[in-house]
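Participant: Below you'll find the structure I mean.
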Amino acid sequence: MVCFPHCKINLGLRVISKREDGYHNIDTCFYPIPWTDVLEIVPAKTISFTNTGIPIPGKPEQNLCLRAYYLIAEEFDIAPVSIHLHKVVPMGAGLGGGSSDAAFTLKLLNDIFELDISDDQLKNFAAQLGSDCAFFVDDKPMLGSGRGEILDTINISLKGKHLVIAKPDVHISTAEAYQGITPKMPVQDVRNIVENTTIENWSGVLVNDFEDSVFSQHPIIVEIKQRFYDEGAVYASMSGSGASVFGIFDKPKDLKHKFDQFTYWSGAL
Numbered sequence: 008m009v010c011f012p013h014c015k016i017n018l019g020l021r022v023i024s025k026r027e028d029g030y031h032n033i034d035t036c037f038y039p040i041p042w043t044d045v046l047e048i049v050p051a052k053t054i055s056f057t058n059t060g061i062p063i064p065g066k067p068e069q070n071l072c073l074r075a076y077y078l079i080a081e082e083f084d085i086a087p088v089s090i091h092l093h094k095v096v097p098m099g100a101g102l103g104g105g106s107s108d109a110a111f112t113l114k115l116l117n118d119i120f121e122l123d124i125s126d127d128q129l130k131n132f133a134a135q136l137g138s139d140c141a142f143f144v145d146d147k148p149m150l151g152s153g154r155g156e157i158l159d160t161i162n163i164s165l166k167g168k169h170l171v172i173a174k175p176d177v178h179i180s181t182a183e184a185y186q187g188i189t190p191k192m193p194v195q196d197v198r199n200i201v202e203n204t205t206i207e208n209w210s211g212v213l214v215n216d217f218e219d220s221v222f223s224q225h226p227i228i229v230e231i232k233q234r235f236y237d238e239g240a241v242y243a244s245m246s247g248s249g250a251s252v253f254g255i256f257d258k259p260k261d262l263k264h265k266f267d268q269f270t271y272w273s274g275a276l
């Protein structure tokens with residue numbers, strides 16, 4: 008069985024406070040993007056994981072897809088499977104690609120073995136694998152709080168807009184990004200801005216708190232953001248903790264020739 012794990016962007020990302028468990032409380036809007044990996048899971052005699060496409064660092068047995076399998080196997084009597092992941096969405100990009108792969112593994116195993124696990128149960132499993140993993144159980148925009156695992160519906164649609172994403176050859180770990188953050192309570196929360204302000208007025212108001220520290224360390228990222236605005240984007244921002252930057256346009260925009268030194272994706276929302 009094959010599925011296509013999609014990535015996400017963050018519309019606003021405020022770091023509100025540090026928690027006793029070492030994580031941070033955040034306020035963000037996760038928005039699904041149709042840039043996908045390819046995930047195939049088939050029955051097998053022994054459990055295995057392979058991948059093609061973008062090389063995945065680390066040991067295969069530590070991959071989130073395998074961890075998702077073992078998490079389900081602890082609760083349900085499921086047979087071994089062969090998992091193959093064709094990796095397209097870049098890592099260290101703030102797009103949640105690895106979390107999406109893990110969540111879609113959970114969903115695919117649920118379908119293959121007819122486990123009848125509810126979406127709420129799947130989200131509980133997913134939250135054990137990554138802070139933003141639970142978001143990918145549903146295929147719709149969600150408000151994220153807590154460390155990103157607490158989800159609520161939000162009234163936002165970018166349908167008809169065109170998205171461009173560019174990622175320089177920079178890898179930013181989440182831990183590295185948080186080192187430059189001073190948590191604080193924002194004047195306006197993300198929901199209020201997204202639901203009550205037009206996209207043309209988001210710039211400077213719908214803020215990603217990671218930008219200041221990441222921009223100072225990697226000037227190429229702020230340069231990409233400014234280039235999107237120069238090309239007519241109605242809104243541009245870094246996604247997650249970086250290093251990808253997205254621009255939202257009213258009309259289709261082919262900028263590949265201007266960003267040919269970066270990983271690039273564009274498409275309709």
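In this text, residue positions in the sequence shown follow the numbering used here: the first is 8, and each later residue adds one. Note that the Cβ used here is the ideal one computed from N, Cα and C, for glycine as well.
For residue 145, would you say it is in contact with chain C, using Cβ-to-Cβ distances shorter than 7 Å as the test?
Facilitator: Within the model displayed, chain C is absent; a lone protein chain is all it includes.
Participant: Please report the residue range of the beta strand (DSSP E) in which residue 151 lies.
Facilitator: Element bounds for residue 151: 149–152.
Participant: Near residue 53, which residues of its chain fall below 6 Å by C-beta distance, leaving aside the five closest residues on each side in sequence?
Facilitator: Cβ neighbours of residue 53 beyond the five flanking positions: 87.
Participant: Please go through the same chain and pick out, in chain order, the residues whose beta-carbon is closer than 6 Å to the beta-carbon of residue 209, but skip the five residues on each side of it.
Facilitator: Within the same chain, residue 209 has close Cβ partners 242.
Participant: With distances taken Cα to Cα, identify the nearest neighbour of residue 215 among 162, 275, 190.
Facilitator: The residue with the shortest Cα to Cα distance from residue 215 is 190.
Participant: Whole angstroms are fine: how far does the CA of residue 172 sit from the CA of residue 63?
Facilitator: Distance between the alpha carbons of residue 63 and residue 172: 21 Å.
Participant: Around the C-beta of residue 106, are 16 or more other C-beta atoms found within 10 angstroms, so that it is buried, or is it exposed?
Facilitator: Residue 106 comes out buried.
Participant: Using a Cβ-Cβ cutoff of less than 7 Å, which residues in the same chain neighbour residue 240 once the five nearest sequence positions on both sides are dropped?
Facilitator: Taken in chain order, the residues that qualify are 254, 255, 256.
Participant: Starting from the N-terminal side, write out each stretch of the alpha helix (DSSP H) that is 4 residues or longer and does not extend beyond the stretch 98–174.
Facilitator: Fully enclosed alpha helix (DSSP H) runs of 4 or longer: 104–119, 126–134.
Participant: Which partner residues does residue 2 have in the DSSP bridge list?
Facilitator: Outside the shown range of the chain (8 to 276) lies residue 2, about which nothing can therefore be said.
Participant: So what's residue 234 in DSSP terms, helix, strand or just coil?
Facilitator: Three-state DSSP puts residue 234 in a helix.
Participant: Going straight from the alpha carbon of residue 201 to that of residue 124, what length do you get?
Facilitator: Rounded to whole angstroms, residue 201 to residue 124 spans 32 Å at the Cα level.
Participant: Run the CB neighbour count on residue 100, radius 10 Å, all protein chains shown included, and call it buried at 16 or more, exposed below.
Facilitator: Buried: at least 16 other Cβ atoms inside 10 Å.
Participant: Taking the alpha-carbon positions, what's the residue 145 to residue 153 distance?
Facilitator: Looking at the two C-alpha atoms, the distance is approximately 18 Å.
Participant: I'd like the list of long-range same chain contacts for residue 47, defined as Cβ closer than 6 Å, with 5 residues on each side in sequence excluded.
Facilitator: So the list reads 9, 91, once near-sequence residues are dropped.
Participant: Residue 178 by DSSP, collapsed to three states: which one?
Facilitator: Note: residue 178 maps to coil in three-state DSSP.
Participant: For residue 50, count the other beta carbons within 10 Å of its own beta carbon; 16 or more makes it buried, fewer makes it exposed. Which is it?
Facilitator: When all chains shown are included, residue 50 counts as exposed.
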